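Student:
Residue numbers (the UniProt record's numbering): 1 to 399.
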């Protein structure tokens, strides 16, 4: 078992191995194991503060996951009694000797699953000035070299100290990338790749030159047409996440960026999870001004929690001038009490009636009474190919 502070050396041995996928859960690995006997990959997990290498392999109709063990002093790795100096050497031995990695199953390693094209080498990046700060560290502007081209990108850096990366934070940082790489939508910031094999870990995404939506609302006072576009774009992006079973858990206007063409791009998947409908989050991490009553009570998040957050975003988008939610209540403990007692934001002056109606629906105390993003999209904004004229008429139509 490799302690978190020692794992970098072991990872360096794998940096050029195409079968090494970095951090990956069993649920993420299994779809990659096609029904070919001996199809395998090597991945990384965290357990009780230690990083552990796992071999995942398809064999005779089943998908197996075998831990790679280390000797007491960490000098050797072994799967089935044969020690080797590095993980890469161990895998090569089992692959070419065809010695089973487990005697009970008889599973052998034959052909590997090549790692994702999202893997980026540090040499491809030129990192420039700081443009922001995220939960894990700095966000910098950068240039990504792809062939003969150079692309403007944003680079999220996980800041480390002399003791190395806290394993839990590292796992959460990489989980963000694992979720993000499965998402492709006009209103979701695009992920280009991850530098995962060296410290610091870097997540490389699309650069949004329009900046943060929150700053735009505060500084520029957008037109009503622009505000409608923001509401529509966020809805379309969240409906897509909902269809992919991704709970964002941190939907705010601060986590929405703007493209060169003023299109909203949802970002920051650091708290997101995929493939489940409900999840617990420690109350200390919950953004209290953007979460619903059931989350304040139980720390339970669902897609309907994101719908509540969308309603808060509607309030901020239509406040003229921009107003922070619940600005009159600065004490979080007092705010929590009032929300649980039924206190709600009032739709701001000048907000279209349809948007007022929608905002109030999203703020229902019962999650069952809140609409899904799919329903919001259908009723209030129409199909994504609808023209601006069509959805403006839908919003301003007298009900």
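Quick reminder that beta carbons are idealized off the backbone N, C-alpha and C, glycines included.
Note that the structure is a prediction, hence the values are computed from the model and not measured.
1) Assuming residue 365 and residue 293 make a contact with CB atoms under 8 angstroms, what is their CB distance in whole Å?
2) Can you check the segment 20-68 for any beta strand (DSSP E) of at least 3 residues that lies completely inside it and give the ranges in chain order?
3) Count the other CB atoms within 10 Å of the CB of residue 343; is the residue buried (16 or more) or exposed (fewer)?
4) I'd like to confirm the pairing. Which residues does DSSP put opposite residue 70 in its beta bridges?
5) Starting from residue 89, trace the alpha helix (DSSP H) both ways and give me its first and last residue.
6) State the DSSP-derived secondary structure class of residue 121, mapped to helix, strand or coil.
7) Just checking, does the segment 302-321 make contact with the segment 346-359 on the three C-beta pairs under 8 angstroms criterion?
8) Shortest alpha-carbon distance to residue 320 belongs to which of 375, 384, 382, 223?
9) Mapping DSSP to helix, strand and coil, what is residue 103?
10) Quick one: using the 10 Å Cβ neighbour count with 16 as the cut-off for buried, is residue 162 buried or exposed?
11) Beta-carbon separation of residue 185 and residue 237 under 8 angstroms?
12) Is the Cβ-Cβ distance between residue 124 and residue 92 less than 8 angstroms?
13) State the Cα-Cα distance for the pair residue 252 and residue 141, rounded to the nearest angstrom.
14) Would a C-beta distance cut-off of 8 angstroms place residue 363 and residue 318 closer than the cut-off?
15) What residue range does the alpha helix (DSSP H) around residue 381 cover?
16) Under 8 angstroms by Cβ, that's how I've got residue 216 and residue 258 pegged, so tell me the actual separation to the nearest angstrom.
17) Between which two residues does the alpha helix (DSSP H) holding residue 315 run?
18) Would you kindly check if the distance between the Cβ of residue 113 and the Cβ of residue 67 is under 8 angstroms?
19) Using the Cβ count rule (16 or more neighbours within 10 Å means buried), how would you classify residue 267?
20) Hey, how far is the Cα of residue 265 from the Cα of residue 156?
21) Would you kindly check if the distance between the Cβ of residue 234 and the Cβ of residue 256 is under 8 angstroms?
22) From this set, 18, 326, 54, which residue's C-alpha is nearest residue 28's C-alpha?
23) Check whether the Cβ atoms of residue 322 and residue 372 sit closer than 8 angstroms, and answer yes or no.
24) Please say whether residue 339 and residue 300 have beta carbons closer to each other than 8 angstroms?
25) Buried or exposed for residue 94, going by 16 or more other Cβ atoms inside 10 Å?
26) Residues in its own chain within less than 6 angstroms of residue 69 by CB, not counting five upstream and five downstream?
27) Report yes if the C-beta distance between residue 325 and residue 345 is below 8 angstroms; otherwise report no.
28) So, using beta-carbon positions, are residue 120 and residue 154 closer together than 8 angstroms?
29) Taking a contact to mean a Cβ-Cβ separation below 8 angstroms, would you say residue 41 touches residue 51 in this structure?
Tutor: In this structure, then:
1) Here the question's residue 365 lines up with position 365 in the chain shown. Here the question's residue 293 lines up with position 293 in the chain shown. Right, the Cβ-Cβ distance comes to about 6 angstroms (below 8 angstroms), so this counts as a contact.
2) 20-23, 39-47, 50-59, 62-67
3) Taking the first residue of the chain shown as position 1, residue 343 is located at position 343. When all chains shown are included, residue 343 counts as exposed.
4) Walking along the chain shown from the start, residue 70 turns up at place 70. In DSSP, residue 70 forms a bridge with 77.
5) Translated into positions along the chain shown, residue 89 becomes position 89. Residues 87-97.
6) In the chain shown, residue 121 corresponds to position 121, counting from 1. It is coil, neither helix nor strand.
7) yes
8) Position 320 of the chain shown holds residue 320. Minimum Cα distance to residue 320 is reached at 223.
9) Looking up residue 103 in the chain shown gives position 103. Three-state result, residue 103: coil.
10) If you number the chain shown from 1, residue 162 lands on position 162. For residue 162, the predicted structure reports a pLDDT of 42, less than 50, and the residue's modelled location is therefore unreliable. The matter cannot be settled from this model.
11) Numbered from 1 along the chain shown, position 185 holds the residue referred to as residue 185. Numbered from 1 along the chain shown, position 237 holds the residue referred to as residue 237. Closer than 8 angstroms, so yes.
12) The residue labelled residue 124 in the question sits at position 124 within the chain shown. The residue labelled residue 92 in the question sits at position 92 within the chain shown. It is not a contact, given that the beta carbons lie outside the stated cut-off.
13) Position 252 of the chain shown, counting from 1, holds the residue named residue 252. Position 141 of the chain shown, counting from 1, holds the residue named residue 141. Distance between the alpha carbons of residue 252 and residue 141: 22 angstroms.
14) Locating residue 363 in the chain shown gives position 363, where the first residue counts as 1. Locating residue 318 in the chain shown gives position 318, where the first residue counts as 1. No. Outside cutoff.
15) Position 381 of the chain shown, counted from the start, is the residue given in the question as residue 381. Counting along the chain, residue 381 falls outside any alpha helix (DSSP H), and DSSP gives it neither H nor E.
16) What you label residue 216 is simply residue 216 of the chain shown in a count that begins at 1. What you label residue 258 is simply residue 258 of the chain shown in a count that begins at 1. At roughly 6 angstroms, the Cβ-Cβ gap stays under 8 angstroms, so residue 216 and residue 258 are in contact.
17) Residue 315 sits at position 315 when you count from the first residue of the chain shown. Residues 303-318.
18) Walking along the chain shown from the start, residue 67 turns up at place 67. Walking along the chain shown from the start, residue 113 turns up at place 113. Going by C-beta atoms, residue 67 is not nearer than 8 angstroms to residue 113.
19) Walking along the chain shown from the start, residue 267 turns up at place 267. By the neighbour-count rule (16 or more Cβ atoms within 10 Å), residue 267 is buried.
20) For the purposes of this step, residue 265 is identified with residue 265 of the chain shown, where counting begins at 1. For the purposes of this step, residue 156 is identified with residue 156 of the chain shown, where counting begins at 1. In a straight line, the C-alpha of residue 265 is about 16 angstroms away from that of residue 156.
21) Within the chain shown, residue 256 is the residue found at index 256, counting from 1. Within the chain shown, residue 234 is the residue found at index 234, counting from 1. Yes, these two residues count as a Cβ contact at 8 angstroms.
22) Sequence index remark: in the chain shown, residue 28 carries index 28 (1-based). Among 18, 326, 54, the Cα nearest to that of residue 28 is on 54.
23) By one-based count along the chain shown, residue 322 stands at place 322. By one-based count along the chain shown, residue 372 stands at place 372. For residue 322 and residue 372, no; Cβs fall outside 8 angstroms.
24) Taking the chain shown and counting its residues from 1, one reaches residue 300 at position 300. Taking the chain shown and counting its residues from 1, one reaches residue 339 at position 339. It is not a contact, given that the beta carbons lie outside the stated cut-off.
25) For the purposes of this step, residue 94 is identified with residue 94 of the chain shown, where counting begins at 1. So residue 94 counts as buried.
26) On the chain shown, residue 69 is found 69 positions in, with the first residue counted as 1. Closer than 6 angstroms at Cβ, skipping near neighbours: 78.
27) Locating residue 325 in the chain shown gives position 325, where the first residue counts as 1. Locating residue 345 in the chain shown gives position 345, where the first residue counts as 1. It is a contact, given that the beta carbons lie within the stated cut-off.
28) Here residue 120 is taken as the residue at index 120 of the chain shown, counted from 1. Here residue 154 is taken as the residue at index 154 of the chain shown, counted from 1. It is not a contact, given that the beta carbons lie outside the stated cut-off.
29) Here residue 41 refers to the residue found at position 41 of the chain shown. Here residue 51 refers to the residue found at position 51 of the chain shown. No, Cβ-Cβ distance for residue 41 and residue 51 is not below 8 angstroms.
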